[in-house]
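Numbering (the numbering used here), first residue to last: 32 to 528.
Positions of the beta carbon are idealized from the N, C-alpha and C atoms, including for glycine.
Written below as C-alpha cells is the structure these notes are about.
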Amino acid sequence: MDLSTSVIGSFADWDVKCLLFFVIVFILVADYVKNRRPASFPPGPWALPIVGNMFSVDHKRTHESFTQLSHIYGDVYSLRMGQEWMVVLNRLEIIKEALVNQGESTADRPSRPMRKEFVHGRGLISSNGNMWKQQRRFALSTLKYFGFGKKSLEPVILEEFLHCAKNIAKGKPFAPHLIINKVVSNIICTLVFGHRFEYNDEKFGELIQGFELSLQIDVSIWTKLYNSFPLLMRHLPGPHQTTKTLWNNVKDFVKAEIKEHKTSLDPADPRDYIDCYLNEIQKGRQDNSTFEEENLIVCVMDLFVAGSETTSTTLRWAFLYMAKYPEVQEKVQSELDRVIGQSRQPTMEDCAKLPYTNAVIHEIQRIGNIVPLSLIHYTNRDVQLGGYTIPKGVAIVPNLTSVLLDKNEWETPFTFNPGHFLSKEGKFERRAAFIPFSVGKRLCLGETLARMEIFLFFTSFMQHFTFSMPAGVKPVMDSCFGVTLAPLPYDICATAR
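The structure is reproduced here in C-alpha cells:
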C-alpha cells in the first residue's frame with residue numbers, strides 16, 4: 032500500500048512538473064511569437080520575455096538611457112515595454128520628419144490603461160481624431176479671447192509677480208518650489224476659473240503639489256507595469272494607487288469650480304474658459320459635438336499641465352543658474368537697467384531690445400531640458416522613417432534631449448552658455464534645434480503663454496532681486512525625472528536690489 036501510494040505520488044509530482052514546464056514553455060513561445068520584432072522594424076536591445084526592456088532602462092534617468100541607446104542602435108530604434116513596442120526618435124532631422132513632414136500619421140496619442148482609467152480618451156492631451164481637433168480649436172480660440180498670448184494678459188502676469196514679491200523673504204533662504212508653482216498656476220487659473228487663488232489657500236496648494244507628484248509617477252516603472260499588466264497591478268499596492276487619489280482630488284476641485292460657475296453663469300457675458308465651455312455644451316447638441324461636462328473637467332486639468340508645469344520648472348532652473356553664474360546674472364541686470372530701468376515694469380515689447388537676457392532665457396530652457404521626452408505619439412497608419420517601417424498602432428517617443436544636447440547642433444551642449452543664442456555682433460539668434468515645446472501638430476498648447484510668462488517673470492525677478500545660494504551652500508544641478516525634468520528641491524536667497 033505504501034509502495035503504491037509512493038508510486039502514485041511520484042507520478043503526480045512528475046505530472047505537475049511536466050504541466051508547469053509545459054505552461055512556462057508555452058508562455059515563452061507565445062510571448063516570442065506575439066512580440067517579436069516585425070520585418071523592417073527599427074533595431075534595438077534584446078528584450079526579456081514578458082517584461083521586455085522594462086528593467087534594462089534607468090527610469091530615474093530615462094532620457095539619458097534613451098540617448099545612450101541611440102549611440103548604439105542609431106537615431107531610430109525600438110524598445111519593448113511589457114507587451115508594447117515603442118520607437119524612440121533621436122536628433123532634429125528625424126523628429127521633424129516624423130512629427131512635421133509625416134505629422135498626420137503620428138498625431139495620435141496612445142490609449143494607455145492608467146491614463147484611460149482617469150480620462151477615457153477625453154481632454155486636450157489624450158484625445159484623438161475629431162474630439163482632439165474640436166477641443167484644441169475651441170481652447171485656443173477661447174483662451175485667445177481672454178488674452179492668451181496678447182498684450183492684454185501682460186498686466187495679469189505682472190500683477191501676479193507683485194503678489195509673489197511681497198511673499199518672498201528678502202535676503203533670507205527660502206524654498207522657491209511651491210510659491211513659484213502657485214505664481215504660474217494663478218495665470219492659467221485667471222483664464223480658466225476667472226480668478227486667482229491666495230498663496231495660503233490650502234486646497235490650491237494641495238492641487239499644485241498633487242499635479243507635480245502625479246507627473247513624476249506617470250513616467251515611473253510603476254505606471255509602465257500598470258500599463259502592461261493592468262488586471263494585476265490594479266489590485267497591488269504602490270505609487271500607481273497614489274495617482275488615483277491625486278487625480279480624484281483634482282477632479283473634485285474642478286467640479287466644485289464648475290458647480291459655482293453654473294450658479295452664476297450669464298451666457299451673454301462669459302467670464303472665462305469654463306463659462307464659454309458651459310455655453311458650448313448648451314449650443315452643441317448636434318451629433319458630432321464632443322462638448323460635455325466630463326470632457327470639460329479633463330480639459331481644465333490638461334490646461335493646468337500645459338499652462339503651468341513647464342513654466343514653473345523653467346523659472347526654478349533660472350534661479351539656480353543665476354546663483355551658479357553670478358557674472359551672467361550681473362550682465363542680465365545691467366542690460367535691464369540700461370533698457371528698462373527701475374521706474375517701470377518690463378513688457379513684451381522690451382524683448383527685442385534685450386538680446387542678452389533673451390539668450391539667457393533660451394539657454395536656461397535648452398540646458399534645463401524641461402520636457403526631455405516630450406509626450407508620446409502614436410502612429411495611425413504605417414510610417415516609413417529612417418529606412419524602417421513603423422506599423423500602425425506603435426508608440427513613438429520624441430527624445431528632445433537628443434536635440435537640445437546634441438554636440439552637432441551646439442558648440443558646448445553640456446555647458447551653460449548664452450552665447451549659443453547670440454551672433455558675433457551680440458544680436459539674439461534663435462536656433463532651429465531649439466525645440467523645448469516639441470514640433471508638429473501636437474506642439475505644446477501652452478507655448479505662447481509659457482514664452483510670455485517666462486520672459487515677464489524672469490525679467491521682473493532680475494529687475495528687483497539678486498539670487499544667491501545660502502552661505503556655505505553650492506548649487507546642486509541634479510534633476511528629478513518626471514514628465515518634466517525639475518531641479519531637486521533647494522533653498523535660495525533673493526536680495527532686493
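How far does the alpha helix (DSSP H) with residue i in it reach, from first residue to last?
{"i": "T98", "result": "93-104"}
{"i": "F335", "result": "324-335"}
{"i": "P74", "result": "Careful: P74 lies outside any alpha helix (DSSP H) and carries neither H nor E."}
{"i": "L516", "result": "Where L516 is concerned, there is no enclosing alpha helix (DSSP H), although the beta strand (DSSP E) it sits in stretches over 516-518."}
{"i": "Q272", "result": "270-294"}
{"i": "Y352", "result": "341-355"}
{"i": "N310", "result": "304-314"}
{"i": "K147", "result": "144-150"}
{"i": "Q247", "result": "233-248"}
{"i": "E229", "result": "First-last for E229: undefined, no H or E at that position."}
{"i": "I125", "result": "123-127"}
Using C-beta distances below 6 angstroms, list every residue in its chain close to residue i, excluding the 5 sequence neighbours before and after it, in chain order.
{"i": "L327", "result": "Y308"}
{"i": "M332", "result": "V281"}
{"i": "T321", "result": "M162, Q165"}
{"i": "L123", "result": "V434, A464"}
{"i": "P186", "result": "none"}
{"i": "K472", "result": "G134, A138"}
{"i": "F42", "result": "For F42, the predicted structure reports a pLDDT of 47, less than 50, and the residue's modelled location is therefore unreliable. The matter cannot be settled from this model."}
{"i": "K355", "result": "P506"}
{"i": "T173", "result": "Y304, C307"}
{"i": "A481", "result": "T341, T342"}
Are there 16 or more other CB atoms within 10 angstroms of the CB of residue i, so buried, or fewer, so exposed?
{"i": "P298", "result": "exposed"}
{"i": "A131", "result": "A small correction: the amino acid at residue 131 is Val; Ala does not occupy that position in the sequence shown. That one is exposed."}
{"i": "M32", "result": "Here M32 scores only 49 on pLDDT, less than 50, and its place in the model is too uncertain to base an answer on."}
{"i": "L334", "result": "buried"}
{"i": "G83", "result": "buried"}
{"i": "L416", "result": "buried"}
{"i": "S71", "result": "exposed"}
{"i": "W116", "result": "buried"}
{"i": "D306", "result": "buried"}
{"i": "S183", "result": "exposed"}
{"i": "H226", "result": "exposed"}
Measuring only the C-alpha atoms, how far is residue i from residue j?
{"i": "I39", "j": "R67", "result": "Only weak support exists for where I39 lies, its pLDDT of 49 falling under 50; the coordinates are left without a value."}
{"i": "A464", "j": "S433", "result": "10 angstroms"}
{"i": "F260", "j": "E460", "result": "48 angstroms"}
{"i": "I401", "j": "D249", "result": "16 angstroms"}
{"i": "P207", "j": "S510", "result": "15 angstroms"}
{"i": "S339", "j": "L346", "result": "11 angstroms"}
{"i": "L487", "j": "T378", "result": "7 angstroms"}
{"i": "S245", "j": "C49", "result": "45 angstroms"}
{"i": "T254", "j": "V514", "result": "12 angstroms"}
{"i": "K505", "j": "P520", "result": "13 angstroms"}
{"i": "I81", "j": "Q114", "result": "7 angstroms"}
{"i": "V470", "j": "F492", "result": "29 angstroms"}
{"i": "I239", "j": "H102", "result": "38 angstroms"}
{"i": "E478", "j": "V414", "result": "27 angstroms"}
{"i": "G236", "j": "S454", "result": "43 angstroms"}
{"i": "G241", "j": "K275", "result": "11 angstroms"}
{"i": "E128", "j": "G105", "result": "15 angstroms"}
{"i": "L406", "j": "R462", "result": "22 angstroms"}
{"i": "Y176", "j": "D283", "result": "27 angstroms"}
{"i": "V391", "j": "P449", "result": "5 angstroms"}
{"i": "T273", "j": "A287", "result": "22 angstroms"}
{"i": "T344", "j": "A502", "result": "24 angstroms"}
{"i": "G75", "j": "H451", "result": "33 angstroms"}
{"i": "V223", "j": "R92", "result": "34 angstroms"}
In the DSSP assignment, find the unbroken beta strand (DSSP E) run with residue i in it and report its ends.
{"i": "V119", "result": "115-120"}
{"i": "R111", "result": "107-112"}
{"i": "A527", "result": "523-527"}
{"i": "Q376", "result": "Per DSSP, Q376 belongs to no beta strand (DSSP E) and is neither H nor E."}
{"i": "Q415", "result": "414-416"}
{"i": "A390", "result": "It is not in any beta strand (DSSP E) - A390 instead sits in the alpha helix (DSSP H) that spans 386-399."}
{"i": "Y419", "result": "419-421"}
{"i": "S259", "result": "Note, S259: premise wrong, no beta strand (DSSP E); alpha helix (DSSP H) at 252-259."}
{"i": "S510", "result": "510-512"}
Tell me which residues share the same chain as residue i and place their Cβ nearer than 7 angstroms to its Cβ, disregarding the 5 neighbours each side in the sequence.
{"i": "K203", "result": "C524"}
{"i": "V150", "result": "S157, V329"}
{"i": "R111", "result": "N66, A78, G83, N84"}
{"i": "I395", "result": "T345, W348, A349, Y352"}
Could you pull out every residue in the same chain whose Cβ sits closer than 8 angstroms to the Cβ of residue i, ignoring the five residues on either side in sequence?
{"i": "P69", "result": "T420, P422"}
{"i": "T98", "result": "N121, N430, T432, S433, L436"}
From the beta carbon of residue i, is the nearest beta carbon of chain B less than 8 angstroms away?
{"i": "M145", "result": "In the displayed structure, chain B is absent; only one protein chain is listed."}
*Entirely within the stretch 154-226 and at least 3 residues each: give me those beta strand (DSSP E) ranges in chain order.*
none
*Can you list, in chain order, the stretches of the beta strand (DSSP E) that have 3 or more residues and sit fully within the stretch 423-501?*
426-429, 496-499
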